[in-house]
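Colleague: Structure below; questions to follow.
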């Protein structure tokens with residue numbers, strides 16, 4: 001079990017309960033994330049007196065118990081009772097993130113790059129040597145195309161769209177790269193004046209080394225013409241039972257793809273993941289769980305693609321995990337205790353050598369993607385769980401550790417790139433699941449670039465979208481070559497316990513079926529508590545420190561104790577009540593909402609109730625002293641739910657860079673799957689409910705694995721496009737009523753069966769992905785993606801997409817545009833067997849409001865003469881465009897007063913600067929609210945591209961250029977929050 005922890009999150013009001021449960025004063029400050037070159041700073045600590053408003057948010061290390069939360073809150077609203085049954089910090093909705101159906105807090109910034117605090121990193125702030133990834137310019141093996149004379153490109157595996165890393169050409173190129181790295185190291189050693197100490201070499205996902213550099217040395221290394229990127233050590237945050245059925249997996253399990261003769265497939269029959277290998281990059285795996293056994297509960301014996309008894313990594317004879325692998329779990333690696341992270345033995349870290357899981361997150365995601373069929377009992381309820389691809393094999397890459405003081409799972413970037421490199425080098429992994437933050441800057445992050453090359457090698461990358469919704473611009477994993485997943489509900493909200501006050505009669509109806517939130521890390525309820533049980537309210541329930549000192553002997557003898565939250569830890573209250581005779585404890589919240597109490601070291605069941613329910617129980621017991629009785633039911637009640645309601649915590653677009661994200665939606669609320677404990681053994685049968693986009697991502701990964709089995713020659717972008725274009729778009733926002741747009745649900749909820757039958761797919765190349773880098777003048781909107789987005793459709797609003805037919809006979813298609821004015825050319829087309837056809841989409845920007853608001857539509861491709869159930873499905877490509885308002889010309893030195901706008905709004909201005917001008921100064925000042933200033937030469941600035949962005953609180957910001965270029969300078973004001981009375985002034989000499 002993990003200790004749930006609420007982090008300080010950017011731009012939200014928050015309060016923390018320390019280990020003593022005492023509120024920390026002053027923690028209602030709204031922090032902005034400061035950016036340098038578009039990158040996030042590390043996570044945040046409490047504000048410090050005497051520092052300015054920016055610096056008080058900027059700290060390099062994660063909070064300690066004294067700084068922040070040891071026992072956080074998982075705020076939800078009554079009426080939606082799903083929130084995390086076993087809680088992870090990244091899945092706990094904060095005050096502005098209550099969960100589906102809850103109330104929204106302060107809006108997030110409408111940013112072009114992610115504002116997900118899970119994408120923020122933690123790093124050691126010091127001037128001495130620290131770990132860095134140094135990436136060299138030569139292509140790694142995965143993306144090498146034979147550019148060097150005498151070194152051929154590695155071939156693809158026969159019948160598979162995956163690079164053959166064992167071929168002679170691959171071995172020769174890896175050897176050549178190794179020699180080149182050694183020469184680079186010699187040059188860099190001379191540059192910094194000492195020998196480099198290399199802890200990790202990589203040639204497959206990145207051409208890179210991991211080494212120790214001081215900040216000054218890192219700056220020198222960056223100057224080498226052989227170096228592409230120098231990235232310091234930092235850590236990303238870790239961001240399945242009814243789920244597979246909702247996404248259509250059982251149809252593939254039982255029928256395969258059910259295709260007509262005209263459709264080609266690699267494996268037309270039933271498919272459950274046989275022959276597919278998943279790489280789970282996470283906190284390790286519960287290797288003793290039945291979810292990962294060689295023979296599943298139905299008697300299916302897994303086939304090891306390496307050959308029976310052959311295993312990868314630390315399962316080899318004599319290694320730390322010897323004996324832990326089998327024909328399903330065919331390998332594992334430890335990149336946390338071992339190189340390049342070396343985190344074991346560090347104070348405050350729970351991590352064991354090997355790939356075992358002492359955090360639980362990795363076991364949950366692995367079993368959701370590819371866990372065995374299992375019959376289980378959860379909270380007394382018999383049920384069944386299975387991964388989406390239950391007969392697939394798994395390789396576990398342990399890249400994350402458990403931070404004990406904060407309860408977080410943290411994942412070093414050096415560990416992630418080493419794992420991606422190893423996944424390519426092993427030559428067997430088909431799909432990677434990565435339920436971890438990152439990816440805000442796709443072209444400048446080492447992990448993102450490693451994923452690009454893994455995709456080139458034929459490995460599908462499923463990633464979590466982030467848990468910082470519902471605000472706009474909060475996404476992680478904006479890479480066009482990965483596929484990010486939003487989280488929504490499925491057909492079951494949870495397994496809930498209820499308290500029923502039974503006497504004395506008459507009992508008000510409001511005291512029947514009171515929702516209980518069970519504690520974690522303590523003792524679970526295993527039997528019903530009968531209705532004749534005394535219910536005794538603590539005599540100090542209206543004090544601030546109820547239950548923090550010993551009760552009178554026998555105070556709760558054989559009774560259910562009701563105690564108020566506050567001051568001390570939940571465990572203290574529970575143990576004090578037990579010492580006074582209690583058989584169970586109900587903790588009444590002292591604020592709105594409800595939380596999951598963490599009660600380690602206790603031996604009776606503990607629960608929490610909403611504040612108003614606690615007050616009602618208190619009042620009834622006071623009116624009936626010594627005679628109040630109550631029952632707690634067992635087994636739990638299964639709460640049905642409406643599927644396809646977006647979770648409030650699920651991050652939203654726009655992603656920035658003219659890329660439409662998230663890509664897809666999948667079940668991610670109250671997912672039941674395998675978990676782990678705080679030791680490597682003793683928790684083999686553990687299962688638990690967790691919510692988060694971390695849980696949605698492995699649903700998509702599993703679906704991609706089934707498609708890889710059915711269509712082994714499809715490229716990674718083609719698999720992604722099939723999933724996106726066949727997604728179920730009828731997804732609702734967290735209110736359960738409002739249709740979600742493409743920035744919330746992407747292409748829609750995964751429909752694996754429909755995706756397997758897609759008649760058209762789209763491919764893209766690594767070369768085009770790299771050329772699309774907007775920082776180098778590229779245009780990501782031109783990539784051949786299964787979606788279209790452009791933040792500035794003012795001058796041009798056209799797109800081209802090139803489709804490849806998956807059928808072995810010709811097929812006619814009808815192309816239409818829904819939701820947006822415009823046209824499609826050709827409106828009808830016939831595509832030959834396995835042929836390609838370009839389609840041009842033109843949006844009538846003159847018919848759209850010129851106010852910067854996003855407008856949404858869909859390109860619909862319908863097969864003509866559909867042949868019933870065996871027809872290719874209708875394909876839908878989401879579109880999001882905006883027409884920006886015309887700029888207001890400024891005069892040199894003339895102030896523009898009285899500017900105002902509402903949250904998320906944009907105003908644009910231009911200033912002409914002549915040759916020879918100097919000391920250009922652009923300032924905003926005065927007024928109320930919070931406007932942000934962006935300045936850029938030659939083009940409109942946005943949140944990803946600008947020459948200056950101060951990004952301060954309030955409205956006093958300035959951009960200064962001593963020697964400005966001549967020409968048009970663009971100024972943008974964006975409303976971080978609504979503002980009024982702001983003055984803009986631009987001057988040059």
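Numbering (UniProt numbering), first residue to last: 1 to 989. Glycine is no exception: its CB is placed at the ideal position from the N, C-alpha and C atoms.
1) Would you mind stating whether residue 943 and residue 883 have Cβ atoms separated by less than 7 Å?
2) Going by DSSP, which residues form a beta bridge with residue 374?
3) If you draw a straight line from the alpha carbon of residue 756 to that of residue 804, how long is it in whole angstroms?
4) Run through DSSP, which three-state label would residue 516 get?
5) Leaving out five residues on either side along the sequence, give the residues of the same chain with a beta carbon under 8 Å from the beta carbon of residue 572.
6) Identify every run of the beta strand (DSSP E) within the region 402-459, keeping only runs that are complete inside it and at least 3 residues long; order them along the chain.
7) Just to confirm the assignment, what range does the beta strand (DSSP E) spanning residue 280 have?
8) Given a cut-off of 7 Å, decide if residue 885 and residue 851 are closer than it, judged by their beta-carbon atoms.
9) For residue 352 and residue 358, I'd like the C-alpha separation in whole angstroms.
10) So, with DSSP's three-state summary, where would you put residue 598?
11) Identify the residues that DSSP records as bridge partners of residue 969: which are they?
12) Would you report the Cα separation of residue 589 and residue 565, rounded to the nearest angstrom?
13) If contacts are defined as beta-carbon pairs under 8 Å, then residue 467 and residue 239 qualify, I think. What distance do you get, rounded to the angstrom?
14) Report yes if the CB atom of residue 921 is closer than 7 Å to the CB atom of residue 987, and no otherwise.
15) Can you tell me whether residue 627 is buried or exposed? The criterion is at least 16 other CB atoms within 10 Å of its CB, across all chains shown.
16) What residue range is occupied by the uninterrupted beta strand (DSSP E) comprising residue 952?
17) Between which two residues does the beta strand (DSSP E) carrying residue 829 extend?
18) Which stretch, first to last residue, makes up the alpha helix (DSSP H) that contains residue 576?
19) Three-state secondary structure (DSSP) at residue 509?
20) Would you list, in sequence order, the uninterrupted beta strand (DSSP E) runs of no fewer than 3 residues that lie entirely inside the region 187-228?
21) Candidates 903, 587, 451 and 326: which alpha carbon is nearest residue 142's?
22) So, is residue 795 buried or exposed, given that buried needs 16 or more other C-beta atoms within 10 angstroms?
23) How about residue 495 and residue 378: are their beta carbons less than 7 Å apart?
24) From the DSSP output, which residues share a beta bridge with residue 769?
25) Please determine if the region 702-709 and the region 528-542 are in contact, where contact requires at least 3 C-beta pairs separated by less than 8 Å.
26) Can you round the beta-carbon distance between residue 1059 and residue 284 to whole angstroms, since I take them to be within the 8 Å contact cut?
27) Determine, using beta carbons only, whether residue 140 and residue 205 come nearer to each other than 7 Å.
28) Quick check on residue 980: does DSSP put it in helix, strand or coil?
29) What does residue 762 pair with, by DSSP beta-bridge criteria?
30) Quick check: what's the CA-CA separation for residue 523 versus residue 580?
31) Name the residue from 535, 382 and 680 whose alpha carbon lies nearest to the alpha carbon of residue 624.
32) In chain order, which continuous runs of the beta strand (DSSP E) of length 3 or greater are located wholly inside the region 121-178?
33) In terms of alpha-carbon separation, which member of 903, 855, 760 and 765 lies closest to residue 833?
34) Assuming the contact rule is C-beta atoms closer than 8 Å, residue 674 and residue 291 should be a hit. Round their C-beta distance to whole Å, please.
35) Around the C-beta of residue 490, are 16 or more other C-beta atoms found within 10 angstroms, so that it is buried, or is it exposed?
36) Among residues of its own chain, excluding the 5 on either side of residue 420, which ones have a beta-carbon nearer than 6 Å to its beta-carbon?
Modeller: If we stick to the structure as given:
1) no
2) 385
3) 15 Å
4) strand
5) 547 and 548
6) 408-412 and 431-434
7) 277-282
8) yes
9) 8 Å
10) strand
11) 911 and 937
12) 5 Å
13) 6 Å
14) yes
15) exposed
16) Where residue 952 is concerned, there is no enclosing beta strand (DSSP E), given that its DSSP letter is neither H nor E.
17) 828-831
18) 570-579
19) helix
20) 198-202 and 208-213
21) 451
22) exposed
23) yes
24) According to DSSP, residue 769 bridges with nothing at all.
25) no
26) The question about residue 1059 has no answer, for the chain in this structure spans 1 to 989.
27) yes
28) strand
29) Paired residues: none, contrary to the question.
30) 18 Å
31) 535
32) 130-136
33) 760
34) 4 Å
35) buried
36) 205, 450 and 454
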